[in-house]
Amino acid sequence: MIKVDIVSGFLGAGKTTLIKKLIKEALHKEKIAIIENEFGEIGIDGSILKQYNLDVKEINAGCICCSIQGDFKKALIEIIDRYKPERIVIEPSGVAKLSEVIEVVKAKELINMLKLNMVITVVDVLKYRAYINNFLEFYKDQVISAKTIVLSRTQNLDNKKITDIYEEIRRLNSKGNIITTPWSSIGSDKIIEISEGKDEGIVNKKINILKGSLAFKSMTHRTSEVFENWSVETPKKFTKEALIDILYKLKNEKSFGVVLRAKGIVQLKDDNWVQFDYVPDEMGLQTIEADYSGRLCVIGSRLNRDNIKNLFLS
């Protein structure tokens with residue numbers, strides 16, 4: 671049986687970063703294939719993961735839990751037949767419902783080939799309340815359906831606020847593990863040990879693990895009714911300063927709509943390539959290897975696509 675790990679999380683929570691950490695520190699010892707799902711037509715994170723010489727199957731233009739379930743099942747079967755991996759890691763779109771992704775993995779066509787293993791949701795503590803209040807159905811489903819919840823950016827919040835958020839999460843998911851330690855202070859072996867259920871301790875001295883009954887609720891609204899995306903490939907070169915200025919301007923809801931996430935891979939005018947990530951009130955840029963083309967993706971609600979296009983490409 672092939673292990674299947676699902677690493678879920680809302681837009682910009684840090685799913686790809688966690689997967690990279692797990693692979694670099696521990697999972698590289700195994701033969702791994704990855705299914706990377708982008709909500710949009712342009713893939714960004716899949717290219718990043720391919721730099722680790724992994725077999726990456728990308729599914730774009732929707733989320734695997736709704737409009738393209740058939741493609742998702744086909745992708746799983748293709749990976750099994752073609753690569754014969756020991757482990758498949760699935761990174762659903764940030765606006766996917768985790769409960770429905772789990773249902774697909776457990777489908778009768780796959781039940782004799784796959785074993786559901788780690789089911790992780792990454793929660794950004796800095797954005798938790800804003801997202802739980804504004805996107806309850808999708809966000810709540812990801813928290814409720816997880817076996818392990820890994821909090822991101824806890825190093826940027828004081829202990830009292832982290833504890834308050836933990837207690838709110840625990841009321842939604844009373845049985846799953848909750849890892850609160852900053853990622854720089856915890857090894858991937860320990861995260862895997864906890865997420866695979868091999869560590870039965872309630873509190874480990876080196877890591878904050880808070881355990882508690884896994885409940886599932888059915889959700890009926892579809893992702894496409896709430897979220898939109900604008901994505902494009904472009905050869906345009908940017909200056910670093912201009913790119914940062916563009917990302918700052920995305921906060922203007924009147925001009926661009928409610929932008930929840932922007933990410934991309936672009937070439938700078940000095941010929942270096944950068945990957946950028948934006949969530950409200952936070953952004954990051956890092957240098958990467960050259961890619962075949964620049965790619966941009968913006969996700970949110972009530973997006974003004976014309977204004978976003980002009981902002982990036984004019």
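Per the working numbering, the sequence shown starts with residue 671, numbered consecutively.
All C-beta atoms in this analysis are idealised placements derived from N, C-alpha and C, irrespective of residue type, glycine included.
Just so we're clear, the structure is a prediction, and the values are computed from it rather than from any experiment.
Decide if residue i is buried, meaning its Cβ has at least 16 other Cβ atoms within 10 Å, or exposed.
i      : result
Thr818 : buried
Glu770 : buried
Tyr918 : exposed
Ala745 : buried
Gln956 : exposed
Pro667 : Examination of residue 667 is not possible in this model, given that the chain is present from 671 through 984 alone.
Arg972 : exposed
Pro905 : exposed
Leu821 : buried
Assuming residue i is part of the alpha helix (DSSP H), what are its boundary residues?
i      : result
Ile862 : Ser858 to Ser865
Leu842 : Asn829 to Leu842
Could you compute how far the alpha carbon of residue i sits from the alpha carbon of residue j?
i      : j      : result
Ser858 : Asp961 : 28 Å
Leu827 : Arg799 : 13 Å
Leu796 : Arg931 : 14 Å
Leu842 : Thr687 : 25 Å
Gly684 : Val793 : 8 Å
Pro950 : Ile832 : 19 Å
Which class does residue i belong to by DSSP, given the choice of helix, strand or coil?
i      : result
Leu930 : strand
Lys907 : strand
Ile916 : helix
Arg757 : strand
Phe897 : coil
Glu779 : coil
Tyr771 : It should be pointed out that residue 771 corresponds to Val in this sequence rather than to Tyr. Reduced to three states, the DSSP call for Val771 is helix.
Val873 : Note that Val873 scores 36 on pLDDT, short of 50, meaning its location in the model is unreliable and no value can be drawn from it.
Thr850 : coil
Arg965 : strand
Could you give the first and the last residue of the continuous beta strand (DSSP E) run that contains residue i?
i      : result
Asp675 : Ile672 to Gly679
Phe946 : Trp943 to Val949
Lys785 : Leu784 to Asp794
For the putative contact between residue i and residue j, defined by C-beta atoms under 8 Å, what is the C-beta separation to the nearest angstrom?
i      : j      : result
Ser678 : Leu768 : 4 Å
Ala696 : Ile958 : Their Cβ separation, rounded to whole angstroms, is 23 Å, which puts Ala696 and Ile958 out of contact at 8 Å.
Phe982 : Ile916 : 6 Å
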